[in-house]
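Participant: I have a structure here, written as structure tokens, and I will follow up with some questions on it.
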Amino acid sequence: MTRTTCAYCGVGCGLTVSGSTLAGDPKHPANFGRLCAKGASLLSTLGHDERLVEPFIGPETASWDEALKLVARGLQNAIAHHGPESVAMYVSGQLLTEDYYVANKLMKGFIGSANIDTNSRLCMASSVAGHIRAFGEDIVPGTYEDLDECDLAVVAGSNLAWCHPVLHQRLLAAREKRGTKIVVIDPRRTATSDAADLHLQLRAGTDVLLFNALLAQLDARGAIGQGWIAQYVSGFDDALATAQASTANIGEVASALDIDRAALEQFFDWFTRTERVVTLYSQGINQSDHGTDKVNSIINCHLATARIGQPGMGPFSVTGQPNAMGGREVGGLANQLAAHMDFSNPENVDRVRRFWRAPNIATRPGLKAVEMFRAVAEGRIRAIWIAGTNPAASMPNASLVRGALERCPFVVVSDCWPTDTTAHADVVLPAAGWGEKTGTVTNSERRISRQRNFCAAPGNAKPDWWMFAEVGRRMGWQDAFLFTSPAGIFREHAALSAFENRGARIFDIGALADLDDAGYDTLQPTQWPFPKADQMQSRLFADGHFPTPDGRARMIATPARLPKREPDVLRLNTGRLRDQWHTMTRTGRVPQLMSHTPEPFLDIHPADAAAIGLADGGLAQIESQHGRSILRVRTDARQRRAEIFAPMHWTNTHSSSGPIGGLVTMRTDPISGQPDLKATEASVVPIHAQWHGILLHCASVTPCWGDGVYWSRVPLTKGTIARLAGWNSLKDVIHSEDRLRGFMSITPETELVAYIDPARSVFRYAGVENGVFVAALFLAPANLELPDVDAIASLIGKSVDARQRLSLLAGIAGHGGSGKTICACFSVGERAVKNAIGSGRVRTIADIAAEFRAGTNCGVCIPELKDLLHAGKCQSPKTGTLN
Ligand code: SF4
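The structure is reproduced here in structure tokens:
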């Protein structure tokens, strides 16, 4: 059995893998055996045919030596002709700390530019900046135990139930055990708000006003920790005066937030009266053009009331990626140097220079992600290495990024899979992935855990640290990059954290600098700081000492900036879905994860939809300053007026809608550089589909239908289903058998059986090879129903006799499938649950758990199960846990 860590979110759940069995690690303190559906299905992401297994130079495969020499030469050429600032790296919170460390050392220490940034810039850069402003260092003070021990949990800008399900389960367990109240602050109604005791569905972008009002109320209600502030905190008077400036009248504040005044006062009451308060926050706070102020407005309320550093209390930034924290530790952000040292102090630069024996160390911050790709587009960056991330889909104004990469003279991409970004690379390097490589990650509570390999990397795929080190050596820095194992890299990283530290920086893992290889192999989950063997600290700031020059925490004045009320402008919010991860390079290959939400969509309030002429289930074109996309409409009365939502995950690989990042504004927070991914001005118009259809194939195929056709595809266990719709005449689309065969991805030899009803414009085709049903295409006018796709899909790849072929074309073949996957952990389909409810067999969540096990693992499907029970008019007590 191998103990390892999940590759997805920042909760950092421990896993055990034994043969083909994966389970939550009952001993890991992040999850104590719990897992969500994404983590539980990780084994399904291994061993796919599409993996990158050889280096590529252009379209040709190459040896590692050829590829690495070319990379070294390409970087050297750019440096020789345009200087070190013409080189950049864009890396990822998916990398292990050891990968990150070597990349950062190569770039900042030896190439001599700080132009290395990470996709964590899109995720939590505002939290980093807010921590440094308040505490003097990028510190998450709390620990997950605080979620078990708090009496009030404020969840701000986070759909925790979907994005960090295991932490949400800990909160629900705390509510069961000690009556913890949960307040959710989010412009959207989500699975998290549905399980909350109070939901403040405030107007998007008004968080600072809310927390300023809270600070003013805490003062007015006598809840300020005056003695604590006098001893340990600076900036209180300014922060309070700024907060009071716009919050004197609670009615006006409620009106500006657009929420009920009684609900607002309830929140103030609970926060005032409860000592043990944790405020968890995530992308809804960070991804904003004033995200740093949002973070500090939250921290202010905790500092003002001394609700920090003690059990069950504190501000708590929940990180998105598995190793965003590890990246922050090594200096993976362009404005950081290494080991929590930055460029503001020349002594830091000198210290790291001496430690690395670095001849050309960077002396000033580099370009942050959005600026970096702008520099690529403008020709200032001439060579870029992108590792483990997909900016051609995920960056704001993604089409600018694609154009920039096309124009850039030298692009290297290392990744496990072909992506939208590898398509623009001059050199593609195949990377080893989760389960194949070994190293460490740090989760949201500062806990370092091992990721361990348990299978070989496919083909010639290699770990990222090895690639960076090999290129460093080929660029002439032999001694600095003599790494032979992740253990050696980790020891150097730990030693740097302790180097001339003497308590100046809290990030110190010096106790791990002397780990031998065996100790590294068996390293247990370990929280930092860990400067000496007997000095591990779990919860920080209990002593009131902060790593600022005067040792005091800093409250920051955060003036409230309210978004303009523009009735004709829609604001596009983007975010994650329950079963998906980032640009779906992994989760998009797992059928049970794709089944819950098979298509990209646009959520819009029914009144806004009616005003525009959109129909629920129809198509709409959404357009911003940067681009446009066509999405399926979901009218939802839970959506705020004039605020629309689309998921961040789909790319051109899975849908004609392409990446939503192509529409998103490039506006950033001036302090953190984090893009404002949740408030893009957009307009929406209906698209009137003339026809719709289904394409089924026994292989993995991507529809190529050109303009005028919307498609979205999901994988089957063996094959593909694509949903289609078009707004041009069907006759113009299918005008020849060759074209038809092309659409169906079948050869001229494949037997094509057809049913055509010209009067109704119904077209049904099936492709059969050697008696095996290999493909189907069903098309009909948009106002006519299509056959049951699940039933047809149950026959794909199977032998079909003459009678079954006729049944296929009649749309009555096969057996009804299970419908959309409602519980991805146990692959439970919605149809089965509905049938059980309809028959009266199940009446409660507990009944469903007993019959299907649905809801008994991560629990994220419980709100939907309750909706089904409600629809079935069955009893369902409203609690967050099984009853
Ligand atoms: Fe992985 Fe889910 Fe745990 Fe996040 S909550 S680390 S995705 S298992």
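For the sequence shown, my numbering begins at -15 and goes up steadily by one.
Backbone N, C-alpha and C define an ideal beta-carbon position, used for all residues, glycine too.
Rounded to whole angstroms, what's the CA-CA distance from Pro554 to Ala188? Just pull it up for me.
Facilitator: Note that residue 554 corresponds to Leu in the displayed sequence, not to Pro. Using only the alpha carbons, I get a separation of about 11 Å.
Participant: How about Val138 and Ile169: are their beta carbons less than 8 Å apart?
Facilitator: yes
Participant: Kindly identify the DSSP beta-bridge partner or partners of Cys807.
Facilitator: Beta-bridge partners of Cys807 (DSSP): Val812.
Participant: Cβ of Lys22 within 7 Å of any heavy atom in the ligand SF4?
Facilitator: yes
Participant: Return the CA-CA distance between Lys22 and Arg570, expressed in angstroms with no decimal places.
Facilitator: 10 Å
Participant: So, is Val669 buried or exposed, given that buried needs 16 or more other C-beta atoms within 10 angstroms?
Facilitator: exposed
Participant: Please determine whether the Cβ atom of Tyr128 lies at a distance below 7 Å from any heavy atom of the ligand HEM.
Facilitator: The ligand content of the structure shown is limited to the ligand SF4, which means the ligand HEM is not among them.
Participant: Is it buried or exposed, Pro442, if we count other Cβ atoms within 10 angstroms and call 16 or more buried?
Facilitator: buried
Participant: Could you tell me which uninterrupted beta strand (DSSP E) segments, each at least 3 residues in length, are contained entirely in the stretch 254 to 337, listed from first to last along the chain?
Facilitator: 261 to 265, 298 to 301, 320 to 322
Participant: Using 8 Å as the cut-off, can you tell me whether the stretch 256 to 265 makes contact with the stretch 646 to 663, which would need three or more C-beta pairs spanning the two stretches below that distance?
Facilitator: Taking a contact to require three or more Cβ pairs closer than 8 Å, the stretch 256 to 265 and the stretch 646 to 663 do not qualify as touching.
Participant: To the nearest whole angstrom, what separates the beta carbons of Gly813 and Gly703, a pair I think is in contact under 8 Å?
Facilitator: Going by Cβ atoms, the distance from Gly813 to Gly703 rounds to 18 Å, so no, they are not a contact pair.
Participant: Thinking C-beta only, is His324 closer than 8 Å to Asp122?
Facilitator: yes
Participant: Can you give the Cα-Cα distance for Gln788 and Thr701, rounded to whole angstroms?
Facilitator: 22 Å
Participant: Considering only DSSP beta bridges, list what Glu44 is partnered with.
Facilitator: Glu44 has Ile41 as its beta-bridge partners, per DSSP.
Participant: Could you check which residue in Gly677, Leu224, Arg523 has the C-alpha nearest to that of Leu199?
Facilitator: Leu224
Participant: Relative to the alpha-carbon of Arg573, which residue among Gly17, Ile490, Leu26 has its alpha-carbon at the smallest distance?
Facilitator: Leu26
Participant: Can you round the beta-carbon distance between Arg748 and Phe762 to whole angstroms, since I take them to be within the 8 Å contact cut?
Facilitator: 5 Å
Participant: Using DSSP with H/G/I as helix, E/B as strand and the rest coil, what is Leu199?
Facilitator: helix
Participant: Taking just the CA atoms, how far does Ala478 sit from Ser70?
Facilitator: 30 Å
Participant: Between Gly3 and the ligand SF4, is the CB less than 7 Å from at least one heavy atom?
Facilitator: Outside the cutoff, so no.
Participant: Exposed or buried, which one is Leu556 when buried takes at least 16 other CB atoms within 10 Å?
Facilitator: With a threshold of 16 other beta carbon atoms within 10 Å, Leu556 meets it and is buried.
Participant: Spell out the partners DSSP gives Tyr694 in its beta bridges.
Facilitator: Answer is Ala709.
Participant: Check each candidate in Thr542, Asp527, Ala541 and name the one with the smallest Cα separation from Gly535.
Facilitator: The residue among Thr542, Asp527, Ala541 with its C-alpha nearest the C-alpha of Gly535 is Asp527.
Participant: By how many angstroms is the C-alpha of Lys352 removed from the C-alpha of Val336?
Facilitator: Val336 and Lys352 have their C-alpha atoms some 21 Å from each other.
Participant: How many angstroms separate the CA atom of Arg430 from the CA atom of Thr(-11)?
Facilitator: 14 Å
Participant: Just to confirm the assignment, what range does the alpha helix (DSSP H) spanning Met356 have?
Facilitator: 353 to 361
Participant: Does DSSP put Asn867 in a helix, in a strand, or in coil?
Facilitator: Low per-residue confidence applies at Asn867: pLDDT is 31, beneath 50, and the placement is therefore not dependable, though the value from the model is reported in the following sentence. Reduced to three states, the DSSP call for Asn867 is coil.
Participant: Please return the same chain residues whose Cβ sits closer than 6 Å to the Cβ of Ile95, not counting the five positions on each side in sequence.
Facilitator: Setting aside the 5 residues that flank it on each side, Ile95 is surrounded in the same chain by Pro68, Val71, each with a C-beta closer than 6 Å to its C-beta; the list follows chain order.
Participant: Which term fits Glu313, buried or exposed, when burial requires 16 or more other beta carbons within 10 angstroms of its beta carbon?
Facilitator: buried
Participant: Arg616 lies in the beta strand (DSSP E); which residues open and close that run?
Facilitator: 612 to 619
Participant: Taking Pro765 as the reference, give the member of Pro295, Gln623, Ala759, Ile740 with the closest Cα.
Facilitator: Ile740
Participant: Using DSSP's beta-bridge definition, name the partner residues of Ile100.
Facilitator: Met73
Participant: For Lys804 and His580, which I take to be in contact (beta-carbon distance under 8 Å), what is that distance rounded to the nearest angstrom?
Facilitator: 6 Å between Cβ atoms; contact.
Participant: Using 8 Å as the threshold, is the C-beta distance between Gly93 and Ile345 below it?
Facilitator: yes
Participant: Is Asn143 a contact residue of the ligand SF4, with contact defined as CB to any heavy atom under 7 Å?
Facilitator: no
Participant: I'd like the span of the alpha helix (DSSP H) that includes Gly781, first residue to last.
Facilitator: Looking at the DSSP string, Gly781 is not in any alpha helix (DSSP H), and its letter there is neither H nor E.
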